[in-house]
Amino acid sequence: MIERLRKLTVEAIAAVCKNKEFNLDFIPEFSIEQPKEDEYGDFSTNAAMVLTKKLKIQPILIANALVDHFPDKEKFFKKIEVVKPGFINFFLSDSFFHESLQKMSSWTIPSSSVEKNSSEKILLEFVSANPTGPLNVVNARAAAVGDTLAKLFNAVGLRADREFYVNDEGTQIEHLAYSVQSRYLQLTGSEIPQGYKMHGIFWIPADWSLEKSEDLYQGEYLIELAEKIRDGFRTPLFRDEGIRVYGNEIFSPERIHFLEAGFGNKLFEIIPSEKERIKFLGCVSVIYNVNLQKEVLKRFRLEFQNWFFQSQLGEKVSQSIEQLKKNGHVYEQDGAVWFRSTAFQDDKDRVLIRQDGTPTYFAVDIAYHAYKKERGYDKLIDFLGPDHHGYIARTKAAVQALGFPPDSIEIYLIQLVTLLSGGKPLRMSKRAGEFITMNELLDDVGIDAARWYFLVRHRDTHLDFDLDLAKLQSEENPLYYTQYAYARICSLMQTAEGEGIKLLSADAVDLSQLQHQAEKGLIKKMAQFPSLVEMAADLREPNHLPRYAVELARTFHSFYTECRVLGVPDRKLTDARLFLVSVCRQILKSTLDLMGIEAPEKM
RNA sequence: GGGCCCGUAGCUCAAUGGACAGAGCAACUGCCUUCUAAGCAGUGGGUUGGAGGUUCGAUUCCUCUCGGGCCCGCCA
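Quick note, the numbering used here runs 2 ahead of the 1-based positions in the first sequence.
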């Protein structure tokens, strides 16, 4: 409907230009929208006002010229008005409504990757939590936003893959391994190994500073892992995932045997080398945590196409630094290797290789992004947690310095989430291991409510997540309001079926029966769906979906109370309204699908 | 000191540079012998933090300013 109007408007502009009244090299973007007031028509456009800038002619004059040249005016419009500054207001003919509704019934929303509009491949990286523990609520927010954005891309015909980056190297994994080892020693009551000292609940190497040991992981979730190391895992996890990622040097047949049967209290006997044992425990912990994360995400109805492990980068790190060097953006100073990111609008240069010769996290990240491009992705989109905002400028700088265009990478932050319970914020401390996990959140409010409230806020505003409201199954909760509309339609259609009233096909139904304002209002709202999806994808703002869902639900509820579908004397009217309602159901379903929220047939 | 985000109705928040700034909640008034009242219709509620600027037009873009939050390692 909107696309049709847009086309007609473009034709009018072209016709005017052909008449040589105006001279245009291209047609600028203009909007077609449904005005708030009915007196401004069913839809209106600002085309004339947008053209003013190019043509230097008063908008009113342009608008009048356009209206004169609109094709098939009598067929499509009751009337077209030009108002005040230069709005063109369309009052649509009934047949326009009916034809549009007919077309809407064949809309489909792709749910998997397709290539239609463009061959551009998008890589969407989000969540990418550290493999040191369970996912938290910010991760959950990122999961909801990233997943829906990927679906939006697919819906507009773009290929988009979801990727989760696993940071499985460096000191944090070492810390993780020592934390797990301590829990294991606690459980087995083994003697304190030689060369270790106690720090709190942890056994740490005697030469560690106390500050260093502050970074160990205190979360009790590691006790469970330690128990499994002692008693055995009943899972093919390490054969499949473990060997795939870390090879059978780490996961040798002997070690896999003990992982499955349990190490008992013999871990130190079986892997006596401290270095090897810590490395092994690190890998086991990573695989274990990553799989727990996968499980929650799956519960959240989200599956990533790729899980990319940092340790798989290998040579890529030095290769990408070489590339930067070749491009002339690298220098040495104070015994370290630096990237001149200030040449690309970063506020200071960044170290790539430390004095001690090891690459920084940033250098690894550059290699990772280079590798994303190497794998054939045209556009990289990253969602970062709020604490990473310093990385936006430097990462964009790096991608450009590697020789890629600036618009090949987009980085967005997902802001903090504060959980409110009883109107009060829940404080969380990650280091002490006291935080609400994603799993606990889903236990508490459910998947639909979680997804809804994560999507409804713009991604870069702080989110106050009101647990009480999210759980409330009443009118105060827009989620249920929306789902209720869907359930109502389903119930209505079921009743119709029970009465032997069959839904007619688009070419069999007589839509000219639809004359009521409420019917037209519903058609107009439904018509906005494609352009809304397109806008949300373009702006990378999934938050437009829940709002649209509420609006569509409201328009439907309003229609439902004003217009009866069943039990009206005219069977043709029932058929037409049933058709209308069935198309509305499809669109409502598609909207909820994009959000990953269930559309219940009964409530 | 530098950077990022946010300031809109009593509360929580909308508004791809467009018309009289909109919803929900809360408050008040009506509507169920017929398809789900988890619903509908209506009333009240605003100097969009403030001051300039760009524009035919600014909540939106730019500059300054006030208030709140977050970040600023050769950690990851």
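The C-beta atom is built at its ideal place from N, Cα and C for all residues, glycine as well.
Whose C-beta lies closer than 7 Å to the C-beta of Leu103 among residues of the same chain, with five residues either side of it excluded? Leu513, Ile525, Leu582, Val585
Glu536 to Asn156 span [Cα, whole Å]: 11 Å
Nearest neighbour of Thr362, chosen from Ile368, Leu354, Ala369 [CA to CA]: Leu354
Can you tell which of Tyr219, Leu189, Val339 has its C-alpha closest to the C-alpha of His201? Tyr219
Starting from the Cα of Leu53, find the closest Cα among Gln36, Ile82, Asp470, Phe89 and give me that residue. Phe89
Evaluate contact between the stretch 289-301 and the stretch 243-253, counting only Cβ atoms and requiring at least three cross-stretch pairs below 8 Å. yes
Local conformation of Glu226 per DSSP, three classes: helix
Does the separation of the CB atoms of Ser46 and Asn91 fall below 8 Å? yes
Using CA atoms only, rank isn't needed, just tell me which of Leu415, Val570, Gln196 is closest to His608. Summary: the structure shown does not reach residue 608, with the chain confined to residues 3 through 605, and so no result is reported for it.
First through last residue of the alpha helix (DSSP H) which encompasses Pro207: Taken as a continuous stretch (DSSP letters only), Pro207 belongs to no alpha helix (DSSP H), being part of the beta strand (DSSP E) at 204-207.
To the nearest angstrom, report how far apart Glu521 and Phe558 are at their CA atoms. 9 Å
Spatial neighbours of Phe467 within its chain, please: CB distance less than 6 Å, with the 5 preceding and 5 following residues excluded, ordered by chain position. Val419, Leu421, Tyr455
So if DSSP puts Tyr638 in a beta bridge, which residue, or which two residues, is it bridged to? This structure does not reach residue 638, given that the chain is present from 3 up to 605, and the question cannot be answered.
Residue range of the alpha helix (DSSP H) that includes Val139: 139-157
Cβ distance (whole Å) where Pro544 is taken to contact Leu154 below 8 Å: 6 Å
First and last residue of the uninterrupted beta strand (DSSP E) at Tyr414: 411-415
Which value, in whole angstroms, describes the spacing of the CA atoms of Glu165 and Lys318? 18 Å
Report the rounded CA-to-CA distance for Ile4 versus Met106, giving the unit in angstroms. 11 Å
Using the DSSP secondary-structure output, state which residues sit across from Gln652 in a beta bridge. Here the chain comprises residues numbered 3 to 605, so residue 652 is not present and cannot be evaluated.
Nearest by alpha-carbon distance to Asp96: which of Phe78, Phe24, Tyr167, Thr110 is it? Phe78
Over what stretch of residues does the beta strand (DSSP E) that includes Met200 continue unbroken? 198-201
Give me, in chain order, the residues of the same chain whose beta-carbon lies closer than 8 Å to that of Pro73; leave out the 5 immediate sequence neighbours on both sides. Leu10, Glu13, Ala14, Ala17
Considering only heavy atoms of the ligand NAP, does any lie closer than 7 Å to the CB of Glu564? Although the ligand NAP was asked about, the structure shown includes no ligands whatsoever.
Let me know the secondary structure DSSP gives Tyr333 once reduced to three states. strand
What distance in whole Å lies between the Cβ atoms of Ala145 and Leu304, which are believed to be in contact at a cut-off of 8 Å? 5 Å
At the level of alpha carbons, what is the spacing between Leu619 and Val139? Since the first residue of the chain shown is 3 and the last is 605, residue 619 is not available in this structure.
So, helix, strand or coil for Pro61, using DSSP? helix
I need the boundaries of the alpha helix (DSSP H) containing Leu299, first residue and last residue. 276-301
List the whole-angstrom C-beta distance separating Ala337 from Gln357, where the pair is believed to meet the contact cut-off of C-beta under 8 Å. What sits at residue 337 in the sequence shown is Gly, not Ala. With 8 Å as the limit, Gly337 and Gln357 qualify as a contact, their Cβ atoms being about 4 Å apart.
Give me the DSSP bridge partner(s) of Lys81. Phe93
Just tell me which of Ile383, Lys199, Glu603 has its CA closest to the CA of Cys492. Glu603
Would you kindly report the start and end of the unbroken alpha helix (DSSP H) that includes Val12? 4-20
Boundaries of the beta strand (DSSP E) in which Val570 is found, first to last residue: Neither: Val570 is in no beta strand (DSSP E) and is coded neither H nor E.
Among Arg461, Val458, Asp577, which one has its Cα closest to the Cα of Val511? Asp577
Residues bridged to Asp468 by DSSP? Leu422
contact_flag[the stretch 224-241, the stretch 179-196] where n(CB pairs < 8 Å) is 3 or more: yes
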